Amino acid sequence: MSLNYAMVVDVLFCNVYHIRHFFSILNWRCVFFLLDSAKGFSYTAPSKFEPDCIMTQASENMKKKNIKSVIRSIAVMLYVVLFLWRGNAVAEDFIRELKQYPYNLYHTSVIGSPTWAEIKHKDTLLDVARRFDLSYYNELEFIYPHIDEWIPPVGRHLAMPTIWIVPPTKHEQLVINLPEQRLYFFNKAAGTVQTYPIGIGDEGWETPIGVFHIQEKRPNPSWYIPESLQAKYGMKVMPPGPDNPLGDYMMKFSAGAYGIHGTNIPWGVGGLVSHGCIRMYPEDVKVLYPQVKIGTKLEIMYEPVKIGVRNNCIFVEAHPDIYLRIPNYQRYAMDKLKQTPFADKVDMKRFQLAIFLQNGIPTEITRAPLGDYAERTILNSMLQ
3 MSLNYAMVVD
13 VLFCNVYHIR
23 HFFSILNWRC
33 VFFLLDSAKG
43 FSYTAPSKFE
53 PDCIMTQASE
63 NMKKKNIKSV
73 IRSIAVMLYV
83 VLFLWRGNAV
93 AEDFIRELKQ
103 YPYNLYHTSV
113 IGSPTWAEIK
123 HKDTLLDVAR
133 RFDLSYYNEL
143 EFIYPHIDEW
153 IPPVGRHLAM
163 PTIWIVPPTK
173 HEQLVINLPE
183 QRLYFFNKAA
193 GTVQTYPIGI
203 GDEGWETPIG
213 VFHIQEKRPN
223 PSWYIPESLQ
233 AKYGMKVMPP
243 GPDNPLGDYM
253 MKFSAGAYGI
263 HGTNIPWGVG
273 GLVSHGCIRM
283 YPEDVKVLYP
293 QVKIGTKLEI
303 MYEPVKIGVR
313 NNCIFVEAHP
323 DIYLRIPNYQ
333 RYAMDKLKQT
343 PFADKVDMKR
353 FQLAIFLQNG
363 IPTEITRAPL
373 GDYAERTILN
383 SMLQ
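Okay, structure coming up:
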């Protein structure tokens with residue numbers, strides 16, 4: 003079997019597939035050691051709200067994250083080389099059922115609720131995230147930094163952050179919010195919305211922003227490789243199959259060659275992994291594809307700070323500025339808050355802390371009478 007180096011590179015960018023299961027078969031102790039060395043680097047929130055402390059901690063955490071990425075990449079390279087020679091292992095069959103959430107822009111713009119997950123034998127946190135239609139690196143890694151993603155403790159129950167604030171749009175058909183790496187599909191007439199995690203364009207290949215429409219739909223698509231990448235893959239057209247990064251379904255939209263499609267490397271969902279296209283879990287795109295018609299409107303937006311309401315409570319959901327397009331994040335967030343009709347009902351301490359942490363979890367920021375405000379996010383209340 004010849005080694006497909008282009009696939010090696012792609013898998014490295016996506017942080018791989020089922021490395022834990024590979025360990026259980028081959029027990030490559032050298033690879034295991036590298037991953038174990040990397041897992042100690044994590045973010046620790048300060049005990050009290052101190053902006054300078056948070057920013058210093060964030061800077062140190064970024065340095066540690068870079069070291070962790072290098073170590074992980076070395077381990078993953080060893081895994082990929084051995085994996086490709088050995089052949090594909092049997093993966094869990096992930097099945098997605100259609101799930102629609104009721105919403106209302108003015109009264110119920112927070113959808114979903116946290117869910118409990120039990121770690122099963124041979125689970126990784128990547129498996130668990132995917133089972134609950136989340137992405138590990140974008141949605142679980144921050145809240146569980148001290149749990150080994152490859153060998154989490156069997157039997158432990160973890161809260162899944164299956165709760166979101168809908169993006170501030172007209173809520174028409176398809177909406178993608180790049181900073182949170184999520185796709186929303188609105189049924190405005192029914193007042194319901196579906197949501198799915200996605201992978202988006204990497205640095206230098208940023209996914210375009212704007213209003214588009216679906217131009218073409220193709221099952222089992224061939225990939226017409228851009229000229230700039232043909233040398234990397236050694237071909238001009240890649241036929242359908244397990245090596246095709248488009249997966250089983252492709253929905254091209256009116257922005258050149260970009261499209262919404264599946265993927266042959268599911269663990270890249272939730273990361274900056276593509277050349278500008280939108281990647282979805284195979285089971286998610288299988289559900290979405292038949293619902294989307296030619297001509298469906300698609301809005302791709304860049305909104306890292308979302309503010310919403312539910313049951314008369316106010317929430318903020320802050321995500322990192324992944325493409326570094328906002329010079330002053332704190333000022334940007336304050337401006338967003340001032341544009342809402344309930345800015346005077348917000349506890350500023352809670353709001354500012356959420357903006358500094360940027361953990362992507364909807365956090366209640368309602369100012370209660372006598373200053374008796376909630377001290378926990380919805381997710382953290384489940385973890386007490």
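Read in order, the letters of the sequence shown correspond to residues 3 to 386 in the working numbering.
Beta carbons: idealized from backbone N, C-alpha and C, even for Gly.
Note that the coordinates shown come from a computational prediction; the quantities given were computed from them, not determined experimentally.
Opposing strand residues paired with residue i [DSSP bridges]
i    : result
L160 : A119
P221 : Y251
N106 : T110
I200 : M282
V307 : A320
C184 : Note on identity: in this sequence residue 184 is Arg, with Cys being the wrong assignment. Beta-bridge pairing links R184 to N179 and P199.
E366 : F317
I165 : G114
S276 : G203
H263 : M252 and R281
R312 : T110 and C315
T194 : P104 and N189
H215 : K299
V239 : Y226
Buried versus exposed, by CB contacts within 10 Å (16 or more), residue i
i    : result
W152 : buried
E301 : buried
Y108 : exposed
H418 : Lying outside 3 to 386, the shown extent of the chain, residue 418 is not represented and no answer is given.
A40  : Low confidence applies here, because A40 scores a pLDDT of 42, under 50, leaving its location unreliable; read the following figure in that light. Under this definition A40 is a buried residue.
M162 : buried
A370 : exposed
A320 : buried
M282 : buried
Y235 : buried
F187 : buried
E182 : buried
L142 : buried
Y139 : buried
A257 : buried
W118 : exposed
L160 : buried
P170 : buried
Q293 : exposed
P329 : exposed
N314 : exposed
Q360 : buried
P154 : buried
D129 : buried
G270 : buried
Near the ligand NAD: residue i beta-carbon under 7 Å from a heavy atom
i    : result
T126 : Inclusion of the ligand NAD in the displayed structure is not the case, the ligand content being empty and no account of it being possible.
Supposed close pair residue i, residue j - CB separation, criterion 8 Å
i    : j    : result
S276 : G206 : Contact doesn't hold; Cβ gap of about 11 Å is too wide.
E208 : G278 : 7 Å
Y198 : L185 : 5 Å
F317 : I167 : 6 Å
L127 : V289 : 23 Å between Cβ atoms; not a contact.
I145 : I363 : 7 Å
R132 : P268 : 7 Å
S137 : G272 : 2 Å
Nonlocal neighbours in the same chain, by C-beta distance under 6 Å from residue i, ignoring five residues either side
i    : result
D374 : Here D374 scores only 48 on pLDDT, less than 50, and its place in the model should not be relied on; the value that follows carries that caveat. Excluding residues within five positions, none has a Cβ falling inside 6 Å.
M252 : R220, P223, G261 and H263
L248 : P223, W225 and H263
A335 : V307 and I357
Y291 : Y251
First and last residue of the uninterrupted beta strand (DSSP E) at residue i
i    : result
E301 : K299 to M303
E319 : C315 to A320
L339 : No beta strand (DSSP E) holds L339; the alpha helix (DSSP H) holding it covers Y331 to K340.
Where the alpha helix (DSSP H) through residue i begins and ends
i    : result
V130 : L127 to R133
I357 : M350 to L359
S230 : E229 to Y235
Contacting residues, own chain, Cβ-Cβ under 8 Å from residue i (five flanking each side not counted)
i    : result
E285 : F96, I97 and R98
F255 : F214, H215, I216, Q217, G261, I262 and L300
G1   : Since the first and last residues shown for the chain are 3 and 386, residue 1 lies out of range.
K295 : I216
N246 : P223, S224, W225, M240 and N266
S111 : Y105, I167, V168, G310, V311 and R312
P228 : A259 and H277
F134 : T117, A119, M162 and T164
Residues near residue i by beta carbon distance below 7 Å, same chain, minus five either side
i    : result
K347 : I316, T368 and R369
F353 : V318, L339 and I367
E305 : P169, P170, N179 and P181
K190 : H173 and E174
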